[in-house]
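In what follows, a single structure is set out as structure tokens and then discussed.
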Amino acid sequence: MLTKADVEKWRRKGIEALERACIATTDEEKERIEIADFGLGEFERTGLVVLTYLNTSRVCAKELVLLPRQTCPEHRHPPVEGSSGKEETFRCREGKVFIYVPGEPTAPIQAVVPAGREHTYTVFREVALDPGEQYTLDPNTWHWFQAGDEGAIVSEFSTTSTDQNDIFTDVEINRVPEMVE
128 MLTKADVEKW RRKGIEALER ACIATTDEEK ERIEIADFGL GEFERTGLVV
178 LTYLNTSRVC AKELVLLPRQ TCPEHRHPPV EGSSGKEETF RCREGKVFIY
228 VPGEPTAPIQ AVVPAGREHT YTVFREVALD PGEQYTLDPN TWHWFQAGDE
278 GAIVSEFSTT STDQNDIFTD VEINRVPEMV E
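Counting in this note's numbering, the sequence shown runs from 128 upward without gaps.
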């Protein structure tokens, strides 16, 4: 679990990364940046900083800030309330990001699967994105991603996001973060 001090520390790091990338944010946006540690207590290895600009009944726009080699764990966005699931496009803004999806595995992959959690990663077709490149995922597709050695900032454009409904291969994950004093 994250403490309030942890959340503030990582929020500041996220804001600094966005500012370095010349991505302007309002004070209100800075206050609502989410620190997703997935309940694993290993934020620097598995987690991400999330700024959601907009999430309506039709569209969603976010900035995802990843530390060097930080991983967003394998998951999918299932159908919810009559939708087919979330379709999302990732556009790399800064750094490098490696996205893994179903298909012929890439060998060797450039990511480093988090030690001790190898059994929770099942898709290994690699899509490497440099700044300005993007990739679109179909709804309900298993995927995971990791920043390169310098970290990354990724813009996510998608249909409605219902993060609380995401399904992870790692049964220990809790998508809705818990915070202690």
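We put the beta carbon where it would ideally sit given N, CA and C, even for glycine.
- Ordered along the chain, which non-local residues of its own chain (more than five positions away) have a Cβ less than 7 Å from that of D265? Reading the sequence shown from its first residue, position 138 is the one you call residue 265. Once the five neighbours on either side are set aside, the close Cβ partners of D265 are E214.
- Cβ of E260 within 8 Å of Cβ of I236? Locating residue 260 in the sequence shown gives position 133, where the first residue counts as 1. Locating residue 236 in the sequence shown gives position 109, where the first residue counts as 1. Going by C-beta atoms, E260 is not nearer than 8 Å to I236.
- Item | Selection from G212, R302, T296 that minimises the alpha carbon distance to S184 | Mapped onto the sequence shown, residue 184 falls at position 57. Minimum Cα distance to S184 is reached at G212.
- Item | Straight-line Cα distance separating A274 from V134 | Translated into positions along the sequence shown, residue 134 becomes position 7. Translated into positions along the sequence shown, residue 274 becomes position 147. Taking the straight line from one Cα to the other gives about 20 Å.
- Are there 16 or more other CB atoms within 10 angstroms of the CB of L193, so buried, or fewer, so exposed? Here residue 193 corresponds to residue number 66 of the sequence shown, with the count starting at 1. By the 10 Å Cβ count, L193 comes out buried.
- Does DSSP put T268 in a helix, a strand or coil? Counting from 1 along the sequence shown, the entry for residue 268 is found at position 141. Looking at T268 - three-state DSSP - the assignment turns out to be coil, as it is neither helix nor strand.
- Query: What number of angstroms, rounded off, separates the C-alpha of D257 from the C-alpha of I294?
  - Reply: As a first step, residue 257 must be located in the sequence shown, where it is residue number 130. As a first step, residue 294 must be located in the sequence shown, where it is residue number 167. D257 and I294: Cα-Cα distance of roughly 27 Å.
- Task: Take Y262 as the anchor and find which of K223, P232, D290, G166 has the nearest alpha-carbon.
- Result: Locating residue 262 in the sequence shown gives position 135, where the first residue counts as 1. Checked all of K223, P232, D290, G166; the closest Cα to Y262 is K223.
- Under 8 Å between C-beta atoms of A238 and Y227: By one-based count along the sequence shown, residue 238 stands at place 111. By one-based count along the sequence shown, residue 227 stands at place 100. Cβ atoms of A238 and Y227: closer than 8 Å.
- Can you tell me the Cβ-Cβ gap for E190 and S288, rounded? I've got them flagged as a contact below 8 Å. Working through the sequence shown from its first residue, we reach residue 190 at position 63. Working through the sequence shown from its first residue, we reach residue 288 at position 161. Incorrect: roughly 13 Å between the Cβ atoms, too far for contact.
- Task: Compute the Euclidean distance between the alpha carbons of E167 and C199, then round it to the nearest angstrom.
- Result: Position 40 of the sequence shown holds residue 167. Position 72 of the sequence shown holds residue 199. Per the sequence presented here, residue 167 reads as Leu, with Glu not at that position. Cα-Cα distance, rounded: 12 Å.
- Item | Continuous beta strand (DSSP E) assignments of at least 3 residues falling wholly in the stretch 166 to 253 | 175 to 182, 187 to 193, 198 to 203, 215 to 228
- Query: Are there 16 or more other CB atoms within 10 angstroms of the CB of R139, so buried, or fewer, so exposed?
  - Reply: Start at 1 with the first residue of the sequence shown, and residue 139 comes out as number 12. Exposed, since its Cβ has fewer than 16 Cβ neighbours within 10 Å.
- Task: List in chain order: all unbroken beta strand (DSSP E) runs of 3+ residues lying wholly within the stretch 141 to 165.
- Result: 161 to 163
- Determine the DSSP secondary structure at V134, reduced to helix, strand or coil. Your numbering for residue 134 matches position 7 in the sequence shown. Helix, per DSSP.
- Use the C-beta contact count for D164: other C-beta atoms within 10 angstroms, 16 or more gives buried, fewer gives exposed. For this step, residue 164 is matched to residue 37 along the sequence shown. By the 10 Å Cβ count, D164 comes out buried.
- Query: Are there 16 or more other CB atoms within 10 angstroms of the CB of Q291, so buried, or fewer, so exposed?
  - Reply: Walking along the sequence shown from the start, residue 291 turns up at place 164. Looking at its Cβ environment, which holds fewer than 16 other Cβ atoms inside 10 Å, Q291 is exposed.
- Item | Exposed unless 16 or more other CB atoms sit within 10 angstroms - verdict on V176 | As a position in the sequence shown, residue 176 is number 49, starting the count at 1. Answer is buried; the Cβ neighbour count reaches 16.
- Sequence-distant residues of the same chain with beta carbon closer than 6 Å to T216, five excluded per side: As a first step, residue 216 must be located in the sequence shown, where it is residue number 89. Closer than 6 Å at the Cβ level, and outside the excluded window around T216, lie Q261, T263, F284.
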